[in-house]
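*Asks:*
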Ligand SMILES: *Cc1c(COP(=O)(O)O)cnc(C)c1O
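Residue numbers (our numbering): 637 to 993.
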């Protein structure tokens, strides 16, 4: 606390990302990073990048990247917005669409950055409870609101909604923007991108950080009606003209072009996820059915915080949230098959865990 701080920052509660340890002998299953490196074509693009180009500013509009994304998702390039990670895209969207008289609606348990943006931008919001099985019931969002946001699949639960459920919401909710945060959609859920030409108020946000193995490059994007995109551009151009550097623009384009690598790595993660789920169930965990690159699991009688501590002493990091209702759950990122075997073997060494018959 400093006397030089404005009232606005004194009252903030910033988001706390998962730990990034400085040592390397750790199995890191705590921040939903992809265990595989980016496409070999991305590696090649980085190695052949001409550093002399860096004396100039990058294209402020990321035109080639927008065109590449537009072609890939079969939309127009004026329906694409790009930003420095989807966290930045989300921040601009909160600013552009959610500062309204009525409250923003979001699930009680979802990506915890949403509350942080509400505090930053003074947005009034309401949490809508999840079902006992952590499902989102979109019929409960049919009331006056200044906007709706949820992650699909949701985080940290991993549960996905159907496209029909989202379309049902859009049919009744026509007067405010609905944001679907699809950070994990490539791991087996249905994307709502196909709805953007039909409904002018849906914005779909995705990222290169998870399924495209580029968390360190910081590239995220939004797809929606051209007028929503123009709204985002107004915020972006009032904040930073150059959110994506040259290398980020080049590598993102290259990552999209290597469809085969993308398919192979996401399929590998999906099958490792199914293997991990079955293994966890065999040693007494309940696992929420996941459509993401992580699983959300709770042991029948061992507390979540204790299990996280036990794994930590064996150099395995997983994420634990102390929020009431999920304090006994662990969010476990799906790593390589070897990492997940080591993780399961470690749990089997816990004195109170045994294999069920
Ligand atoms: C990881 C994540 C993001 C942020 O992704 P970046 O593009 O790395 O900023 C946004 N939303 C959800 C739900 C996430 O899990």
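Even glycine gets a Cβ: it sits at the ideal position worked out from N, Cα and C.
Is the closest heavy atom of ligand 1 to the C-beta of residue 723 under 7 Å?
*Replies:* Within the chain shown, the letter at position 87 stands for residue 723. Residue 723: yes, Cβ under 7 Å from ligand 1.
*Asks:* Let's test the definition: count the other Cβ atoms within 10 Å of the Cβ of residue 813 and tell me whether it reaches 16, buried, or not, exposed.
*Replies:* Your numbering for residue 813 matches position 177 in the chain shown. Burial is judged here by how many other beta carbons sit within 10 angstroms of a residue's own beta carbon; residue 813 has at least 16 and is buried.
*Asks:* When you compare the segment 952-962 with the segment 896-905, are there three or more beta-carbon pairs, one atom per stretch, that lie closer than 8 Å?
*Replies:* no
*Asks:* Return the first residue and the last residue of the beta strand (DSSP E) that residue 967 is part of.
*Replies:* One-based indexing of the chain shown puts residue 967 at position 331. Start and end: 965-969.
*Asks:* Mind checking which residues open and close the alpha helix (DSSP H) that includes residue 676?
*Replies:* If you number the chain shown from 1, residue 676 lands on position 40. Start and end: 676-683.
*Asks:* Short check: CB of residue 788 to CB of residue 818, under 8 Å?
*Replies:* Translated into the one-based positions of the chain shown, residue 788 becomes position 152. Translated into the one-based positions of the chain shown, residue 818 becomes position 182. Yes.
*Asks:* Please confirm if the segment 790-808 is in contact with the segment 708-720, defined as three or more CB-CB distances below 8 Å between the two stretches.
*Replies:* no
*Asks:* So residue 669 is in the alpha helix (DSSP H); what residue range does that whole segment cover?
*Replies:* If you number the chain shown from 1, residue 669 lands on position 33. Residue 669: not part of any alpha helix (DSSP H); DSSP gives it neither H nor E.
*Asks:* Tell me whether residue 867 is buried or exposed, calling it buried when 16 or more other Cβ atoms sit within 10 Å of its Cβ.
*Replies:* As a position in the chain shown, residue 867 is number 231, starting the count at 1. The residue in question, residue 867, is buried, as its Cβ has 16 or more Cβ neighbours within 10 Å.
*Asks:* Is it buried or exposed for residue 806, if we count other Cβ within 10 angstroms and need 16 for buried?
*Replies:* Numbered from 1 along the chain shown, position 170 holds the residue referred to as residue 806. In the assembly as shown, residue 806 is a buried residue. Its beta-carbon has 16 or more other beta-carbons within 10 Å.
*Asks:* Once DSSP output is grouped into helix, strand and coil, what is the label at residue 717?
*Replies:* In the chain shown, counting from the first residue as 1, residue 717 sits at position 81. Residue state for residue 717 is assigned as strand, using DSSP reduced to three classes.
*Asks:* Could you check what DSSP says for residue 850 in three-state terms: helix, strand or coil?
*Replies:* Counted from its first residue, the chain shown places residue 850 at position 214. Under the three-state reduction of DSSP output, residue 850 falls in the coil class, being neither helix nor strand.
*Asks:* Taking 8 Å as the cut-off, decide whether the C-beta atoms of residue 743 and residue 790 are in contact.
*Replies:* By 1-based counting over the chain shown, the position of residue 743 is 107. By 1-based counting over the chain shown, the position of residue 790 is 154. Less than 8 Å divides the Cβ of residue 743 from the Cβ of residue 790.
*Asks:* Using the Cβ count rule (16 or more neighbours within 10 Å means buried), how would you classify residue 728?
*Replies:* In the chain shown, counting from the first residue as 1, residue 728 sits at position 92. It counts as buried.
*Asks:* Contact between the segment 974-992 and the segment 897-917 is defined here as three or more beta-carbon pairs at a separation below 8 Å; is this criterion met?
*Replies:* yes
*Asks:* On the premise that residue 947 lies in contact with residue 988, defined as a C-beta separation below 8 Å, what is that separation, rounded to the nearest angstrom?
*Replies:* Taking the chain shown and counting its residues from 1, the one referred to as residue 988 is at position 352. Taking the chain shown and counting its residues from 1, the one referred to as residue 947 is at position 311. Actually they do not touch by this definition, with Cβ atoms about 14 Å apart.
*Asks:* Going by DSSP, which residues form a beta bridge with residue 953?
*Replies:* Residue 953 sits at position 317 when you count from the first residue of the chain shown. Looking at the DSSP output, residue 953 sits in a beta bridge with 664.
*Asks:* Are there any heavy atoms of ligand 1 lying less than 7 Å away from the beta-carbon of residue 651, as far as the coordinates show?
*Replies:* Sequence index remark: in the chain shown, residue 651 carries index 15 (1-based). Incorrect: residue 651 has no Cβ contact closer than 7 Å to ligand 1.
*Asks:* DSSP has residue 761 in a bridge; who is on the other side?
*Replies:* In the chain shown, counting from the first residue as 1, residue 761 sits at position 125. DSSP output for residue 761 lists 740 as bridge partner(s).
*Asks:* If you reduce the DSSP assignment to three classes, tell me which class residue 804 lands in.
*Replies:* For this step, residue 804 is matched to residue 168 along the chain shown. Secondary structure of residue 804 (DSSP, three-state): helix.
*Asks:* Does residue 817 come out as helix, strand or coil in the three-state DSSP assignment?
*Replies:* Against the chain shown, residue 817 aligns to sequence position 181. Correct three-state label for residue 817: strand.
*Asks:* Comparing C-alpha positions only, which one of 801, 941, 950, 907 sits nearest to residue 957?
*Replies:* Working through the chain shown from its first residue, we reach residue 957 at position 321. Closest by alpha carbon: 941.
*Asks:* Could you check the C-alpha separation between residue 756 and residue 644 for me, to the nearest Å?
*Replies:* Taking the first residue of the chain shown as 1, we reach residue 756 at position 120. Taking the first residue of the chain shown as 1, we reach residue 644 at position 8. Cα-Cα distance, rounded: 8 Å.
*Asks:* Tell me residue 923's beta-bridge partners as DSSP assigns them.
*Replies:* Here residue 923 is taken as the residue at index 287 of the chain shown, counted from 1. DSSP, once it has assigned bridges, lists 933 as partnering residue 923.
*Asks:* Identify every residue that forms a DSSP beta bridge with residue 860.
*Replies:* Walking along the chain shown from the start, residue 860 turns up at place 224. Its beta-bridge partners are 839.
*Asks:* Regarding residue 822 and ligand 1, is the C-beta to nearest heavy atom distance less than 7 Å?
*Replies:* Within the chain shown, numbered from 1, the residue matching residue 822 stands at position 186. Checking every heavy atom of ligand 1 against the Cβ of residue 822, none is found closer than 7 Å.
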